[in-house]
Amino acid sequence: MITKKLGKAAAFIFLLTINSSVTKAQLSLIPKPDFIQMTEGAYFFPSVSKIQIGDEAFDTVGRYLQKQLLSKFGYTGLIHHDKKQVSAIQFVHKQNLESEEYEIKTASSTLIIYASSPAGATHAVSSLLQAFSFGNKSASGITIPAFEIKDKPAYPWRGFMLDESRHFFGKEKVKSILDWMAFYKLNKFHWHLTDEPAWRLEIQKYPLLTLVGGIGSQTDPYAPAAYYTQADITEIVAYAQERNIEVIPEIDMPGHATAANRAYPQLSGGGNDKHPDFTFHPAKDITYSFLTQVLRETKALFPSSVIHLGGDEVSFGSEAWNSDTKVHDLKQKHDLKDNKAVENYFMRRMADSLKTMNATLLAWDEMVDADLSKEKTILMWWRHDKPKQLKAILKAGYKTILTPRLPLYFDFVQEESHKYGRKWGKLYNPLENVYNFSPNNYASLTTDKNQILGIQGNLWTETVINTNRLDYLTFPRLAALAEVGWTKSSNKNYLQFSESLKKHLNLYREANLYYYDPFTNTHPEPVVIKKTQRVYIDNPE
Ligand code: ACM
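Numbered by mature numbering (1 follows the signal peptide of the UniProt record, and there is no 0), the letters in the sequence shown go through residues -25 to -1, 1 to 516 in order.
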């Protein structure tokens, strides 16, 4: 009798589990929410519906939702502030939620969004738009299964970096990337705007930076000048802000400075045959005053409190400093024993400039020894083969963002058979490796529990000669990345993610993205043909 009862109970629990996993799969949200429960029945959203904004703080989010409903589904949202009117969607302020946290509850004709800030409300809108995308659509509205969500991110920094120095994609593509980032609750867009091939950010005080420095790309030194005007930047920053995305510009220094030096040769600290004019001159005052002016204009354009100053791979060209008398004198004067010490000195001086602008300095992991302020510096760990670097960052007490080449560089290929991207020896970055990356694995190295701010995927564009290649390398790895940053490790499950992803691939198809399909290989790998288009294999040291 007892065993029979237990058997029944077990069967019941089993059915419940199966049932809930089946219904959960129907919502197919990526990143997977912290808590989601399917409830009884369904929610119907009529094609002309009232949206009640219960708090002025949500006005902008409400308008964003209204625009999205119209552009994605052709539906009309009627925004109002009258709490007495029954409405299809209600935004409600809930004080005790964290800033990015949100809750959603559906009843048959009302869906309530709870948040304490626009950030949380925007994430709720993203969940809603995903649910609607997979719902049952008709001319009269959308039906989705009823559900309840309580959700918040595992990490505050969930970033994506685009290198537009090597190839320029333009405003519309950047906006589309921001749309997908918001859809996946990614919240930091790191924009690599300056490097060897070209300088892409208009600086009014130094127009040659773009008029001369904007010419060329990785694959065509004569490509006409392409860059973002300050008006473009303002437009893109506002577009990102509406989606709760912070835009962080990178002005790379003292290496990767070739394009700037082409425009203003007096700034050059030299380089070598492979990387000519690669460095800014570290021993001329004009370098520091020039770059400080550049940063002033940059800071005024980007509301982010963070500016990325690069600091990577300076040794690719700093040997030129060995034969420069001014650098020799600088070394003597400040007791700098080698070129690495000069790099560090350079970054400290620029950190002082940023400090006067009340900005936080972001830099690559090479800068761990530069003795920068722990409070006003964040370092990005990118050299996966140098775990010591990460240990040093954490031990020194810096905050950090994890962006290791393996598995978070999206210029690496995704399959053994792919020919036109980067590999590390035989290694590359399949979707599953991106998904399975766990920042938690590094928690034991931290000295303070909030030291790891989060994660970031980086798309370097040596081989990204067109938007098809951009799409192919970015999608669907962007979706996997989102779950790495948002979803608690204990809640992640690759099989479940893959099931949800199948539905998301339909959305990519509808949006005309040239995505990589890990299930059926719908699109062939976009070819890179010209010899100059760098197809390379990194060699592990
Ligand atoms: C880098 O990949 N050079 C940061």
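Ideal Cβ positions, reconstructed from N, Cα and C, are used throughout, including at glycine.
Can you give the Cα-Cα distance for Gln431 and Arg484, rounded to whole angstroms? Each residue's alpha carbon lies about 25 Å from the other.
Could you name the residues of the same chain whose beta carbon sits closer than 8 Å to that of Tyr447, not counting the 5 residues immediately before and after it, in chain order? Tyr489, Tyr490, Tyr491, His498, Glu500, Pro501
Do Asp386 and Arg358 count as a contact pair if the criterion is CB distance below 8 Å? Cβ atoms of Arg358 and Asp386: not closer than 8 Å.
Integer Cβ distance of Pro128 from Glu75, believed to fall under 8 Å: 5 Å
Express the C-alpha separation of Trp166 and Ile223 in angstroms, rounding to a whole number. 6 Å
Selection from Met342, Trp399, Tyr469, Tyr77 that minimises the alpha carbon distance to Arg324: Met342
Would you say the beta carbon of Asp170 is closer than 7 Å to some non-hydrogen atom of the ligand ACM? no
Quick one: complete beta strand (DSSP E) runs, 3+ long, within the segment 174 to 254? 221 to 228, 243 to 245
Per the contact definition of three or more C-beta pairs closer than 8 Å, is the segment 225 to 239 in contact with the segment 172 to 180? With a cut-off of 8 Å, the segment 225 to 239 and the segment 172 to 180 count as touching, because enough Cβ pairs lie within range.
Distance check for Leu381 and residue 550, CA to CA, integer angstroms please. As shown, the chain starts at -25 and ends at 516. That puts residue 550 outside it, with no answer to give.
Is Ile504 buried or exposed, if buried means 16 or more other CB atoms sit within 10 Å of its CB? exposed
Taking only heavy atoms of the ligand ACM into account, decide whether any of them is closer than 7 Å to the Cβ of Glu288. yes
Tell me the DSSP secondary structure of Gln426 in three-state form. Gln426: coil per DSSP, three-state reduction.
To which residues does DSSP link Leu137 through a beta bridge? Trp166, Leu434
CA-to-CA distance, Ile88 to Met13, given in whole angstroms: So the two alpha carbons sit approximately 16 Å from each other.
Taking the beta carbon of Ser3 as the centre, do at least 16 other beta carbons fall within 10 Å, making it buried, or is it exposed? buried
Cβ contact (3+ pairs, closer than 8 Å) linking the segment 133 to 150 and the segment 108 to 116: no
Which of helix, strand or coil DSSP assigns to Ser113: strand
Under a three-way DSSP split, which group does Tyr395 fall into? coil
Please tell me whether, using a cut-off of 7 Å, the distance from the CB of Trp339 to the nearest non-hydrogen atom of the ligand ACM is below it. yes
Using only the alpha-carbon positions, how far apart do Gln60 and Phe33 sit? If you draw a straight line from the Cα of Gln60 to the Cα of Phe33, it comes to about 17 Å.
Look up Val269 in the DSSP assignment and give the residues it is bridged to. Val269 pairs with nothing; no bridge assigned.
Round the Cβ separation of Ile116 and Phe20 to the nearest angstrom and send it over; I've been treating them as touching at under 8 Å. The question names Ile, but residue 116 is Gly in the sequence shown. By a beta-carbon distance limit of 8 Å, Gly116 contacts Phe20. Their separation comes to about 5 Å.
Option in Leu445, Asn162, Ala258, Asn496 with minimal Cα separation from Glu139: Leu445
Limits of the beta strand (DSSP E) - the one that Trp155 falls within: Trp155 -> not in any beta strand (DSSP E); alpha helix (DSSP H) instead, spanning 146 to 158.
Is the number of C-beta pairs between the segment 202 to 216 and the segment 142 to 154 that are closer than 8 Å three or more? Between the segment 202 to 216 and the segment 142 to 154 there are three or more C-beta pairs closer than 8 Å, enough to call the two in contact.
Going by other Cβ atoms of all chains shown within 10 Å of its Cβ, with 16 needed for buried, is Pro379 buried or exposed? buried
Apart from the five residues on each side of it in sequence, which residues of its chain come closer than 7 Å, Cβ to Cβ, to Asn496? none
When Glu78, Ser102, Thr335 are compared against Ala157, the one with the closest alpha-carbon: Ser102
Helix, strand or coil for His498 per DSSP? coil
With burial defined as no fewer than 16 other Cβ atoms inside 10 Å of the residue's Cβ, what is the status of Ser279: buried or exposed? It is buried - the Cβ of Ser279 has at least 16 other Cβ atoms within 10 Å.
Trp155 beta carbon near the ligand ACM (any heavy atom closer than 7 Å): Incorrect: Trp155 has no Cβ contact closer than 7 Å to the ligand ACM.
Ala418 versus Val409 - alpha carbon distance: 18 Å
Express the C-alpha separation of Asn468 and Ser413 in angstroms, rounding to a whole number. 12 Å
Tell me whether Trp357, by its Cβ, gets closer than 7 Å to a heavy atom of the ligand ACM. yes
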